[in-house]
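Residue numbers (the working numbering): 42 to 299.
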């Protein structure tokens with residue numbers, strides 16, 4: 042996977058080489074532009090595709106798993122739909138991971154407690170899930186993460202070790218904040234796009250095509266359509282003899298800091 046430091050060094054080296062060459066040979070201005078656009082394009086890709094591991098180490102699957110094990114994760118709750126999602130998970134005896142937003146926990150504390158009480162894992166998804174998160178200072182990102190850690194700990198008496206950045210966006214400031222908090226950053230390799238696509242069958246087929254051992258599915262407990270998709274997905278996984286495995290077991294990482 043891409044590494045931010047490696048790309049930055051490569052781009053800087055190319056620019057330096059062009060500058061040195063320009064002392065002896067004529068170098069067209071567009072050569073510098075090409076190198077800059079190359080760096081800019083890769084940086085944008087790394088920021089918006091969490092699977093790139095560009096700014097920080099991210100767990101998006103476990104490629105060492107060859108048996109039919111998969112993890113299902115939910116973002117942006119708890120909401121009024123979370124209880125119904127929990128009912129479906131209980132019906133199939135499946136354990137999931139819920140990346141919860143702090144303000145949503147405060148709105149729905151009983152549902153939040155039910156998630157944990159029924160054996161599902163809790164992850165940190167920031168306190169506010171602000172659309173401007175990618176532009177926050179290091180201090181503000183730290184506050185977003187730590188405030189939600191403290192809120193979650195007030196209910197569970199333990200802090201979550203799993204963190205998923207809002208929208209899956211990472212950048213140098215978020216990376217520096219995570220270097221302080223020492224969370225395991227969790228991505229995905231099977232994105233449902235259930236917040237964008239309206240047709241349930243389209244969402245389901247998109248997920249089914251990408252199901253593979255050691256995979257991490259991204260869903261959102263924020264809509265009725267996802268509830269419908271979940272039931273059909275669990276039936277499919279059952280038919281294909283897949284085991285829905287808790288995230289900590291799939292990755293062999295601790296989910297909480299006592």
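Beta carbons: idealized from backbone N, C-alpha and C, even for Gly.
**Asked** Where do the N-terminal and C-terminal ends of the beta strand (DSSP E) with residue 140 fall, by residue?
**Response** Stepping through the chain shown from its first residue, residue 140 is reached at position 99. Unbroken beta strand (DSSP E) run through residue 140: 138-141.
**Prompt:** residue 180: buried (16+ other C-beta within 10 angstroms of its C-beta) or exposed?
**Reply:** Taking the chain shown and counting its residues from 1, one reaches residue 180 at position 139. It counts as exposed.
**Prompt:** Can you name, in chain order, every residue of its own chain whose Cβ lies under 7 angstroms from the Cβ of residue 194, other than the five neighbours on each side?
**Reply:** Position 153 of the chain shown, counted from the first residue, corresponds to residue 194. Closer than 7 angstroms at the Cβ level, and outside the excluded window around residue 194, lie 200.
**Request:** Starting from the C-beta of residue 163, find all residues in its chain whose C-beta is less than 7 angstroms away, skip the five residues before and the five after it, and write them out in chain order.
**Result:** Your numbering for residue 163 matches position 122 in the chain shown. Excluding sequence neighbours, residue 163 sits near 139, 141, 156, 157, 193, 197, 201.
**Item:** 8 angstroms Cβ cutoff met for residue 106 and residue 115
**Value:** As a working mapping, residue 106 is identified with position 65 in the chain shown. As a working mapping, residue 115 is identified with position 74 in the chain shown. In this structure, residue 115 does not lie closer than 8 angstroms to residue 106 by Cβ.
**Those runs of the alpha helix (DSSP H) which lie wholly inside the region 96-162 and span at least 4 residues** = Counting only runs of 4 or more, we get 123-132, 143-148, 150-158.
**Prompt:** Mind checking whether the beta-carbon of residue 278 lies closer than 7 angstroms to any heavy atom of the ligand MN?
**Reply:** The model depicted lacks the ligand MN and carries no ligand whatsoever.
**Request:** Kindly give me the distance between the Cβ atoms of residue 243 and residue 261, rounded to whole angstroms, as I take these residues to be in contact under 8 angstroms.
**Result:** Here residue 243 refers to the residue found at position 202 when the chain shown is read from its first residue. Here residue 261 refers to the residue found at position 220 when the chain shown is read from its first residue. Actually they do not touch by this definition, with Cβ atoms about 15 angstroms apart.
**Asked** CA-CA distance, residue 146 and residue 185?
**Response** The residue labelled residue 146 in the question sits at position 105 within the chain shown. The residue labelled residue 185 in the question sits at position 144 within the chain shown. The alpha-carbon atoms of residue 146 and residue 185 are separated by roughly 14 angstroms.
**Message:** What residue range does the alpha helix (DSSP H) around residue 186 cover?
**Reply:** In the chain shown, counting from the first residue as 1, residue 186 sits at position 145. Per DSSP, residue 186 belongs to the alpha helix (DSSP H) from 179-197.
**Message:** Whole angstroms are fine: how far does the CA of residue 118 sit from the CA of residue 309?
**Reply:** No answer is possible for residue 309: the residues shown for the chain start at 42 and end at 299.
**the region 214-227 in contact with the region 239-254 per 3-pair CB rule at 8 angstroms** = no
**Prompt:** Can you tell which of 283, 295, 294, 298 has its C-alpha closest to the C-alpha of residue 113?
**Reply:** Position 72 of the chain shown holds residue 113. The shortest C-alpha separation from residue 113 is found at 283.
**Item:** residue 204 versus 249, 143, 178, residue with shortest Cα-Cα distance
**Value:** As a position in the chain shown, residue 204 is number 163, starting the count at 1. The candidate whose alpha carbon is nearest that of residue 204 is 143.
**Message:** Can you list, in chain order, the residues of its chain with a C-beta nearer than 6 angstroms to that of residue 251? Leave out the 5 residues immediately preceding and following it.
**Reply:** Position 210 of the chain shown holds residue 251. 231.
**Asked** How many angstroms separate the CA atom of residue 131 from the CA atom of residue 275?
**Response** Translated into positions along the chain shown, residue 131 becomes position 90. Translated into positions along the chain shown, residue 275 becomes position 234. C-alpha separation (whole angstroms): 11 angstroms.
**Option in 220, 281, 210, 279 with minimal Cα separation from residue 92** = If you number the chain shown from 1, residue 92 lands on position 51. Looking at the Cα atoms, 210 is the closest of the given residues.
**Message:** Between which two residues does the alpha helix (DSSP H) holding residue 215 run?
**Reply:** Your numbering for residue 215 matches position 174 in the chain shown. Per DSSP, residue 215 belongs to the alpha helix (DSSP H) from 213-222.
**Message:** Excluding the 5 residues flanking residue 104 on each side, which residues of the same chain have their C-beta closer than 7 angstroms to its C-beta?
**Reply:** As a first step, residue 104 must be located in the chain shown, where it is residue number 63. Closer than 7 angstroms at Cβ, skipping near neighbours: 255.
**Prompt:** Expressed to the nearest angstrom, what Euclidean distance is found between the alpha-carbon atoms of residue 234 and residue 207?
**Reply:** Residue numbering aside, residue 234 sits at position 193 when the chain shown is read from its first letter. Residue numbering aside, residue 207 sits at position 166 when the chain shown is read from its first letter. Rounded to the nearest angstrom, the two C-alpha atoms are 14 angstroms apart.
**Prompt:** Do you know offhand how far residue 287's Cα is from residue 218's?
**Reply:** On the chain shown, residue 287 is found 246 positions in, with the first residue counted as 1. On the chain shown, residue 218 is found 177 positions in, with the first residue counted as 1. Going by the C-alpha atoms only, they are around 26 angstroms apart.
**Message:** The alpha helix (DSSP H) that contains residue 244, what's its start and end?
**Reply:** Working through the chain shown from its first residue, we reach residue 244 at position 203. Run containing residue 244: 241-251, per the alpha helix (DSSP H) assignment.
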